[in-house]
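Under the numbering used here, the first residue of the sequence shown carries the number -10, and numbering increases by one thereafter. What follows is a set of notes on a single structure, which appears directly below.
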Amino acid sequence: PIEQSAESTSHPRGLYLLFATEMWERFSYYGMRAVLVLFLTKAMMMDKAFASKFYGGYTSLVYLTPLIGGFISDRYWGNRRSILTGGLLMALGQFTLFFSASNYGAADTHALSHWMLYLGLGVMIVGNGFFKPNISSMVGSLYSPADKRKDAAYTIFYMGINLGSFIGNTITSLIGDTGNPADFRWAFLACGIAMLLGTVVFNWGKDKYLHTPEGVQVGETPAISGGIMGVYALLPVLLAIILGILWLDSAKFPTIAPLLGVAVVGIAYMIFSDKSLSGADIKGIMVIFIVSFFVVFFWAAFEQAPASLTFFADEQMNRTIFGFTLPASIFQNLNAIFVVVGAPLMAMVWTALGRRGAEPPSPLKMCIGLAMLAAGYLVMCFGVHNLQPGVKVSMFFLVALYFLHSVGELCLSPIGLSLVNKLAPVKFASLLMAVWFLANAAANYLAGYMSSLYPDPKSTAPAPEILGYHITNLYDFFMVFVVSAAVAAAILFLISGKL
Ligand code: GLN
């Protein structure tokens, strides 16, 4: 019994190795993303609408490539090689951005700088495809299948994600978002170094700590490994395709949206045409698809943080506190802080409710998540209602929004992940996880599009409209998210019993 209780509270060292690796990677992802739209608008001189769509295209592809990375890892590379290669590629991508941001000014280097921007982001998209799905699945493989510590392990891992996001965002905001566009490069340099550090840490500890409880090494190259070198040869092709898609999409040939559609239909076909699935399996898979659809509305509104909400913080919000003016991009940090503090509290709430038999079922929790999202934007609407030109809004409203959104994230994101895990038949576990990632891809694309509707008082173009609704001011803009999230929450509520 003593041994058992020791086992039930402590975690294998491998978890902390993955925690540290993911922490540095998220430093680099969120740190870069935090200042990206400001870099695009203030240094690269893109307009806000273009920068928004560009941001959406990038983050969307970031969630699409794990489909390919997951597949290659299962067949040829194994988790370790995928993580190392992905990590190195992402570091390389950040250094390319550093180069881009160091050369944007002079006329003769401006075009080069633009190409380097595309190249850097493209390399990171490819790298992420190999890194993200593999690091997430390795966490679970450190435990035996029925180990009760798995949920806690993922909670700890989620803390690593947000700790990395917090440290990265803080540093890049302070050194990059200074008001001088020449400083953005330091943010990218810091992200490159962080990613390199993560990769080195992983490489140092992988053989020592990444094994099952029985001591079997995990994530090594699978037995059928003939294609290892072939995959390396394919990397430049993959990069060229990604760059082509990114370029076409930003040049007004919608490419990413139809691609996502094809991916969803393809996966659905692969799964539903399998004759060996039982009726119960099919029902579970349907629930995953339905829930993923609702999740799109969540992330599309949530991921305004590095886009329209950062434009808002930059231009429309009073950021001075105790005589010190905070950089606009630093406010995104509130999400990471609230998640790190809130995750254990939330777990306690669910457990306490569970003891009384009153824990809401997963779809209902996700519905609460969507309602929180709507509530966050509703608070914002109060803040910007009848705003006079030239008047800045108190930062209270954005802080409240991030608080409510973070509670929403905790109701929806980890719950969704474990729901997918529970309902997916083993044979389609990875593919259904990819459906969850695809929902993120679609949502991020939509987020970029929505952010491009951010009202610009200086613009003389006609006000953008959605379904006949004109967005002429900030109130109209934020109201779109209140309504879309509330409607999604209401529909999910109505069908949650059935789900
Ligand atoms: N914040 C989490 C992460 O970075 C979840 C993000 C998401 O699913 N969109 O992994």
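C-beta: ideal position from N, C-alpha, C; glycine also.
Closer than 7 Å: I150 CB and nearest the ligand GLN heavy atom | Within the cutoff, so yes.
Hey, would you say L401 sits closer than 8 Å to V284, going by beta carbons?
-> Result yes, Cβ atoms of L401 and V284 sit closer than 8 Å.
What residue from A479, G343, D36 and K42 has the CA that sits closest to I245's CA?
-> By alpha-carbon distance to I245, the top candidate from A479, G343, D36 and K42 is K42.
Classify Q(-7) as buried or exposed, calling it buried when 16 or more other Cβ atoms lie within 10 Å of its own Cβ.
-> Residue confidence is low: Q(-7) scores 42 on pLDDT, short of 50, so the model does not pin down where it sits. No coordinate-derived value is stated.
Under the criterion of a Cβ to heavy atom distance below 7 Å, does R15 qualify as lining the ligand GLN?
-> Because some heavy atom of the ligand GLN lies under 7 Å away, the Cβ of R15 counts as near it: yes.
Any heavy atom of the ligand SAH within a distance shorter than 7 Å of the CB on W175?
-> Judged by which ligands are present, the ligand SAH is missing from the structure shown, whose ligands are the ligand GLN.
Under the three-state DSSP convention, the category F313 falls into | For F313, the secondary structure class from DSSP, reduced to helix, strand or coil, is strand.
Under the three-state reduction of DSSP, which class applies to E11: helix, strand or coil?
-> Helix, per DSSP.
Look at F120 and E14 and say whether their C-beta atoms are less than 8 Å apart.
-> Yes, they are a contact pair.
Hey, could you find the ends of the alpha helix (DSSP H) F177 is sitting in?
-> Run containing F177: F173 to Y198, per the alpha helix (DSSP H) assignment.
Can you say whether T461 is buried or exposed, counting buried as having 16 or more other CB atoms within 10 angstroms of its CB?
-> T461 is exposed by the Cβ-count criterion.
Limits of the unbroken alpha helix (DSSP H) element including A477 = Per DSSP, A477 belongs to the alpha helix (DSSP H) from L463 to S485.
Cβ of S547 versus every heavy atom of the ligand GLN: is any distance shorter than 7 Å?
-> This structure cannot speak to residue 547, because the chain is shown only from -10 to 488.
Uninterrupted alpha helix (DSSP H) stretches inside the stretch 95 to 180 (no shorter than 4 residues) = 96 to 130 and 139 to 165, all fully within the stretch 95 to 180.
Between M259 and L56, which are expected to be in contact by the criterion C-beta below 8 Å, what is the C-beta distance as a whole number of angstroms?
-> A Cβ-Cβ separation of about 12 Å leaves M259 out of contact with L56 under the 8 Å criterion.
L248 versus L223: straight-line alpha-carbon distance, rounded = Spanning the two alpha carbons is a distance of roughly 20 Å.
Sheet register partners of I455 (DSSP bridge) = For I455, the beta-bridge partners assigned by DSSP are Y458.
For the 8 Å Cβ check, are there 3 or more pairs between the stretch 149 to 156 and the stretch 325 to 334?
-> In this structure the stretch 149 to 156 touches the stretch 325 to 334; the number of beta carbon pairs closer than 8 Å is three or more.
Sort F392, G3, A428 and V396 by Cα distance to V409 and report the nearest one.
-> For V409, the nearest C-alpha among the options comes from A428.
Under the assumption that L25 contacts P295 (Cβ atoms under 8 Å), give the Cβ distance between them as a whole number of angstroms.
-> Contact between L25 and P295 holds, since their C-beta atoms are separated by about 6 Å, short of 8 Å.
Find out if the Cβ-Cβ distance for the pair T85, L108 is shorter than 8 Å.
-> Yes, the pair counts as a contact, with Cβ atoms nearer than the cut-off.
Going by the CB atoms, is the gap between N322 and S383 shorter than 8 Å?
-> Going by C-beta atoms, S383 is not nearer than 8 Å to N322.
Cβ-heavy atom distance, W288 to the ligand GLN, below 7 Å = Flag set: Cβ of W288 near the ligand GLN.
Should M79 and M184 be called a contact, given that it needs their Cβ atoms to be closer than 8 Å?
-> Yes, the pair counts as a contact, with Cβ atoms nearer than the cut-off.
Cβ-heavy atom distance between N322 and the ligand GLN below 7 Å?
-> No, the beta carbon of N322 sits no closer than 7 Å to any heavy atom of the ligand GLN.
Alpha carbon of G255 to alpha carbon of I114, nearest angstrom | As the crow flies, the alpha-carbon of G255 is around 21 Å from that of I114.
In DSSP terms, what V382 is bridged to | According to DSSP, V382 shares a beta bridge with M306.
Give a single yes or no on whether N117 has its beta carbon closer than 7 Å to a heavy atom of the ligand GLN.
-> No, the ligand GLN has no heavy atom inside 7 Å of this Cβ.
According to the neighbour-count rule (16 or more other Cβ atoms, all chains shown, within 10 Å of its Cβ), is W425 buried or exposed?
-> Buried, because 16 or more other Cβ atoms sit within 10 Å of the Cβ of W425.
N123 burial status per 10 Å Cβ neighbour count (16 or more: buried) = So N123 ends up on the buried side.
Pick out whichever of V415, W104 and T74 has its Cα sitting closest to the Cα of D270.
-> Distance check between D270 and each of V415, W104 and T74 places V415 closest, using alpha-carbon atoms only.
Alpha carbon of S351 to alpha carbon of A252, nearest angstrom = Using only the alpha carbons, I get a separation of about 26 Å.
DSSP beta-bridge partners of Q206 | Q206 has H200 as its beta-bridge partners, per DSSP.
Local Cβ density within 10 Å of Y93, reported as buried at 16 or more and exposed below that | Taking every protein chain shown into account, the CB of Y93 has 16 or more other CB atoms within 10 angstroms, so this residue is buried.
Along the chain, which unbroken stretches of the alpha helix (DSSP H) at least 4 residues long are found entirely within the stretch 347 to 401?
-> With a minimum length of 4 residues, the continuous alpha helix (DSSP H) runs that stay inside the stretch 347 to 401 are 351 to 373.
Start-to-end residues for the alpha helix (DSSP H) that takes in L50 | Secondary structure note for L50: its alpha helix (DSSP H) is the uninterrupted segment K37 to L53.
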